[in-house]
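Only one structure is covered here, and it is reproduced in the block below.
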Amino acid sequence: DAMVIQNPRYQVTQFGKPVTLSCSQTLNHNVMYWYQQKSSQAPKLLFHYYDKDFNNEADTPDNFQSRRPNTSFCFLDIRSPGLGDAAMYLCATSRVRVGAKNIQYFGAGTRLSVL
Amino acid sequence: GESVGLHLPTLSVQEGDNSIINCAYSNSASDYFIWYKQESGKGPQFIIDIRSNMDKRQGQRVTVLLNKTVKHLSLQIAATQPGDSAVYFCAESSTLVFGTGTRLLVSP
C-alpha cells in the first residue's frame, strides 16, 4: 500500500496560472518535504515542515509556497508558474528531521508541465 | 557550501557483475548517510544507510563503505541484475543534500 501519495501524477498548467500539488501520508510522520527534480538532476529541497514549523530553503523562490493543514496532508502552491518550473515534484516524509535514522519516504511524484 | 557529489554520471555493467557507485562529501561533520534508488517515473527509495561511527554496513546484495579520512562512500551491488537499473543517489542526513546521482545500466 502506498504510504506517501501524490496527486495528481501529471499536471499541466498554463504559464502564470496558479497550481496546487497535493501530498498525503499514512505514516504519521512528523516531517514532510517538498523537492523539485529536473531531468537528470538530483532532487532539490524546496522546504519542509517539522510538525507545523515551516522551514524554507534560502534559495527557494517566493513563487513557491506550502501549506500543511494537518499531519497527513501537505500542499505545494506555485503562484505563477514559469516555463522553468516544469519539473517532477516529489513529496517525502520522515519520522525525524535530521540525524540518524532520518530515512525519507518518497511519493511517486507529480510531473508538472507548463505551457 | 555543502556538497555531496558523485564521481560518475553513468555506470554500465553486465548482468551478474558487481557494481560500485561512488560518492564524495565535503562536510567532515556529516554523521549519517543514506543511499537511495530511483527507478524511472518513481520517487527515490531507501536502500541502505550508514552512521559515521561505522566504516562498513551490509544489506542484501548491497554493501556501503564509508571512508571518513577522504570523505568518501561507496555503494557496492553484488551480482547486479537488470532490476537494479536505476539512478542511485547518496544523501547526507543533516543537510538533506542529495548527490548528483549515478545512472546504473545493467545489460543482460
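Here the protein sequences line up with chains D and F, keeping their order. Quick note, the first sequence lines up with residues -3 to 111 if you use my numbering. Quick note, the second sequence lines up with residues 298 to 405 if you use my numbering. For every residue, glycine included, the Cβ atom is placed at its ideal position computed from N, Cα and C.
Shown in chain order are the members of the stretch 334 to 365 of chain F whose Cβ falls below 8 Å from a Cβ of chain D: Gly338, Lys339, Gly340, Pro341, Gln342, Phe343, Asp346, Arg348. For the stretch 35 to 51 of chain D, the residues whose beta carbon sits under 9 Å from a beta carbon of chain F are, in order, Ser36, Gln37, Ala38, Pro39, Lys40, Leu41, His44. Between Thr377 of chain F and Glu312 of chain F, the C-beta gap is smaller than 8 Å, which places the two residues in contact. The three-state secondary structure of Asp381 of chain F, taken from DSSP, is helix.
Ranked by how close their Cα comes to the Cα of Thr67 of chain D, the residues D:Cys87, D:Asp58, D:Asn24 have D:Asn24 in first place.
Within the same chain, Cβ atoms closer than 6 Å to the Cβ of Ser18 of chain D are found at Asn3, Phe71, the five residues on either side in sequence being excluded.
For chain F, the residues of the stretch 94 to 105 of chain D that bring a beta carbon within less than 8 Å of one of its beta carbons are Val94, Gly95, Ala96, Lys97, Asn98, Ile99, Gln100, Tyr101, Phe102, Gly103, Ala104, Gly105, in chain order.
Sorting D:Gly78, D:Ala54, D:Asp55, D:Asp49 by C-alpha distance to the C-alpha of Arg64 of chain D places D:Asp49 at the top.
Residue pairing by DSSP places Asn3 of chain D opposite D:Ser18 in a beta bridge. Neighbourhood of Tyr329 of chain F in chain D, by CB distance below 7 Å: Gly95, Ala96, Asn98, in chain order. A direct Cα-Cα distance of roughly 12 Å separates Asn26 of chain D from Tyr101 of chain D. For Thr397 of chain F, the chain D residues whose C-beta falls within less than 8 Å of its own C-beta are Gln37, Ala38, listed in chain order.
Residues Ala104, Gly105, Thr106, Arg107 of the same chain have their beta carbon placed closer than 8 Å to that of Arg5 of chain D, with the five preceding and five following residues left out of the count.
Taking the C-beta atoms as reference points, Leu372 of chain F is found no nearer than 8 Å to Leu308 of chain F. Within chain F, the residues placing a beta-carbon under 9 Å from that of Leu86 of chain D are Gly340, Pro341, ordered along the chain. Of all C-beta pairs linking the stretch 78 to 92 of chain D to the stretch 320 to 328 of chain F, fewer than three are shorter than 8 Å, placing the two stretches out of contact. For Asp346 of chain F, the secondary structure class from DSSP, reduced to helix, strand or coil, is strand. By the Cβ neighbour-count rule, Ala54 of chain D is exposed, with fewer than 16 other Cβ atoms within 10 Å of its own.
Per the coordinates, the alpha-carbon of Gln10 of chain D lies some 12 Å from the alpha-carbon of Ile74 of chain D.
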